[in-house]
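The numbering used here puts the sequence shown at residues 13 to 219. Taking it in order: structure first as structure tokens, then the write-up.
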Amino acid sequence: MLNIIVLVSGGGTNLQAIIDAVETGKISNTRISGVISNNKNAYALVRAQKHGIENLCISPKDFETRAQFNEKFLEAVDGMKPDLIVLAGFLVVIPPKMTERYRNRIINIHPSLIPSFCGTGYYGLKVHEAALLRGVKVVGATVHFVDEGTDTGPIILQKAVEVEPGDTPEILQRRVMEQAEWKILPRAIDLIANGKVKVEDGKTVIL
Ligand code: GAR
């Protein structure tokens, strides 16, 4: 059984997709052992409570230095004994010590087809604003392992989504979530839980 924890900052629709997939068996061999948010008002925490999942908030704002936050954050994560850490709309930079300790055991969902519209400054709605501004015709989402860079780790799954006439960033964001994110994030967890993802030379192989 794969013990996963999910790290969130906002609404938590990706967390909900994971919870639903575990409950319906679309993700097998997996238990959600905890949810951590950096934002005490995140609706994602309510979603965790509703499903009886242990949850807590730990925010950089409550610490004098980033180093102090990083230490307590790592302690909180370690305390939940995860086999896999899932970043589902988590907007805090992962401390290098955590990346090192959980090498190829942290995954992230990003709302673009990496390497487009990713890296520092590209998160949430900003990604979709940039895609519309550039006039691309195809967007999408990516699940990847987390390494020391921003959105640079080995890619696990990607799914493309069409841009349509009249799209606003909000409409496009919703379509990317519905057609890509809520599908590929649960799918990636299921693959990992069933031993089907290997990392070789910085790339993944799906078995
Ligand atoms: C999602 O679109 C996710 O891909 C994005 O934040 C949103 C969170 O929504 N993540 C990033 O931009 C990370 N760089 P949710 O809280 O409803 O799951």
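Virtual Cβ for every residue (Gly too), placed ideally from N, Cα, C.
{"Query": "Bounding residues of the beta strand (DSSP E) (the contiguous stretch that carries K171)", "Result": "I167 to E174"}
{"Query": "Endpoints, beta strand (DSSP E) assigned at K215", "Result": "K215 to I218"}
{"Query": "Opposing strand residues paired with T154 [DSSP bridges]", "Result": "H122 and Q170"}
{"Query": "Inter-stretch contact at 8 Å, needing at least 3 Cβ pairs: the stretch 135-146 / the stretch 106-121", "Result": "no"}
{"Query": "Near the ligand GAR: Y114 beta-carbon under 7 Å from a heavy atom", "Result": "no"}
{"Query": "Reference V34, options N50, G91 and D202, closest by Cα", "Result": "D202"}
{"Query": "Contact check, I70 vs A88, beta carbons under 8 Å", "Result": "yes"}
{"Query": "Completely contained beta strand (DSSP E) runs for the stretch 40-80, where each covers 3 or more residues", "Result": "42-49 and 67-69"}
{"Query": "Backbone secondary structure at V89 - three-state DSSP", "Result": "helix"}
{"Query": "The ligand GAR heavy atom lying under 7 Å from the CB of V20", "Result": "yes"}
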